[in-house]
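Residue 19 is where the sequence shown starts when you use this note's numbering, and the numbers rise one by one after that.
Note that CB positions come from ideal geometry on N, CA and C, so glycine has one too.
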Amino acid sequence: MKQERTDLFRRAFELGANYDKQKFDRPPRTGVSRDELLSSLGGPTPENGLSELDALEALVKAAEPGLQVSTGARFMGWVVGGSHPVGMAADWLTSVWGQNCANYECSPAASVSEDVTADWLKDLLSLPEECSVGFTTGATMANFTALAAARSEMLHRIGWNVELDGLQGAPRLRILIGDEAHTTVFTALSLLGFGRNQVKRVSTDDQGRMRVDALKESLEESDTAAIVIAQAGQINTGAMDPFKAILSLLKDRNAWLHVDGAFGLWALACPQLRSQLDGVDGADSWATDGHKWLQVPYDAGFVFVRHAEAHRRAMATPASYLPVQSDIRDPSHYVPELSRRSRAFAVWAIIKTLGREGISEMIIRHCHLAKRLAQQLSQVPGIEILNQVSLNQVIVGFGDDEQCGKMIESLARENRYLLGGATWHDRKVLRISIISWFIDEAEIDGLSEDIIRLWRELDA
Ligand SMILES: *Cc1c(COP(=O)(O)O)cnc(C)c1O
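Structure, rendered in structure tokens:
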């Protein structure tokens, strides 16, 4: 039995290492169809089991052809991090350790590693020390958690306990959010009882930044308590909302400012970029991802709440059979779930490996590469860079929408890079996200050569 387990783990390691090695050469987009995957993975419910080793081999054989190489250096289609090697290694161990991260008693090491990495994260991002921190699946749940805390606090201030008395019959709150906010924030709001039609969308400028005059106008419509949701890093342009101006509008109002900074908040880790987010530390809550710029393997997100009591009130899971030690961290008190894996181990290992300097260098490198690509492409007649490239995002227009559509198709057909398409302000665009750990100058120069060659062929 013992020997079999060693063989199984050794084989899993070998298969994983093989995949990791070939991910640099493999075309990023899988060519396999859904039907093919259904036939390789499918079949009737197994009646008699296989050996563990055979089941593992069968999984790899059936699933691997359907994997997108999203952790490689040629995947730039979405804002997806590259799974840092030490994060993957620590994540393997997290599975082996099998800790349930619900509370301190269940895993002292998981609880303390969250405490420690929470402090490191606040330090790296220059967020207020008094913030409480939760470790979520991603930014969607980080936004959800922060907005639940905001809902609790804003209603608490007007004498309503939403945890006990719910939303039905509760005083109204106003929700104001930039028109170009990420779609998942609207999902989080609707889960919290703030339907899409009840949310005031504040108009934005050409980069997707909230317009301060429009926010001012909306705020002045009433004195009702408000939750304002701003953004650090628009998903297409990378633009930052004007936090300082937003905060000065909120100064004498009963309002909570939340910032969705799924990737853009990480600009705070770089002294050279920090000024883009001037004032952001004055907000009440922030959401960001680990699995984007920090390169934590899926999944990892972080929520920071200045008002720790509201955070706990909104999330705590009391039960008579669960131990409570008030001054010791029970990780479940800061996120919606009770049982979950311990995400902080991988985060801890990555921060320990890269350090403040390594993290900052990586982010700066990605931003330089984005500028380099934009600079190369903008030399060519007919290719237009449609955003101010100040972070890691580049959106590109080619002639008209039809030509742009053809470019996106040709690039997908060649399958040397995985890129995305989108519509930005009524125009079809090619979307490029430079955020994966492994992307370097050679990849960017190769990409720009491909794009220019294909455009010349199409435009001829
Ligand atoms: C990716 C992203 C989200 C959603 O994050 P998940 O980690 O996918 O849950 C929210 N907001 C912004 C700006 C994003 O880029």
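Exposure of residue i, with buried meaning 16 or more beta-carbon neighbours within 10 Å
i	result
V353	buried
G105	buried
A334	exposed
N66	exposed
G251	buried
F416	buried
F212	buried
G49	exposed
G90	buried
V298	buried
R28	exposed
S129	buried
L387	buried
T112	buried
Spatially closest choice to residue i from the options, by CA coordinates
i	options	result
Y435	A232, G464, V412	G464
F322	E379, A160, D296	A160
P45	T335, M94, T158	M94
E132	A244, A367, K262	A367
P289	E467, D141, A107, A326	D141
W242	P189, L275, F212	Inspection of the sequence shows that residue 242 is occupied by Thr rather than by Trp. Of the listed residues, the one whose Cα sits closest to T242 is P189.
R163	I176, A206, S129	Reading the sequence as shown, one finds Thr at residue 163 and not Arg. For the residues I176, A206, S129, the minimum Cα distance to T163 belongs to A206.
E239	D259, I193, L26, I253	I193
R169	M258, D302, L387	D302
T222	Q216, R214, D231, N215	D231
E82	Q394, T63, S51, H200	S51
R229	S451, G196, A257	G196
R390	M258, V447, A107, L409	L409
L404	D468, I369, N254	N254
H200	A248, G187, P399	A248
A440	E432, N433, S451, L209	S451
L139	A305, T63, I469	A305
S466	Q406, Q394, N118	Q394
V414	L312, I469, S454	I469
S378	L165, A167, W442, W455	W455
N179	A332, S236, H325, S208	A332
L5	L165, L173, D183	Because the chain in this structure spans residues 19 to 478, residue 5 falls outside the shown range and cannot be described.
Y37	E461, S88, L26	S88
W114	K269, A364, A392, G177	It should be pointed out that residue 114 corresponds to Val in this sequence rather than to Trp. Checked all of K269, A364, A392, G177; the closest Cα to V114 is A364.
Distance between beta carbons of residue j and residue i, contact taken as under 8 Å
i	j	result
L233	I264	6 Å
A280	D307	5 Å
R359	Y122	Not really, about 16 Å apart at Cβ, beyond 8 Å.
W274	E171	6 Å
L68	A76	7 Å
M258	R219	Wrong, their Cβ atoms sit about 18 Å apart, outside the cutoff.
A30	L59	At roughly 18 Å, the Cβ-Cβ gap does not stay under 8 Å, so A30 and L59 are not in contact.
Near ligand 1: residue i beta-carbon under 7 Å from a heavy atom
i	result
D307	yes
Q86	no
G438	no
I253	yes
T202	yes
A157	yes
A35	no
V321	no
D278	yes
F281	yes
Q249	yes
V298	no
V220	no
V97	yes
Reduced DSSP category for residue i - H, G, I as helix; E, B as strand; rest coil
i	result
H329	helix
A248	strand
Q294	helix
W304	strand
D418	coil
M159	helix
K41	coil
L143	coil
R434	coil
Q21	helix
R169	helix
V398	coil
L448	strand
K218	strand
Q393	helix
F456	coil
I426	helix
T201	helix
R347	coil
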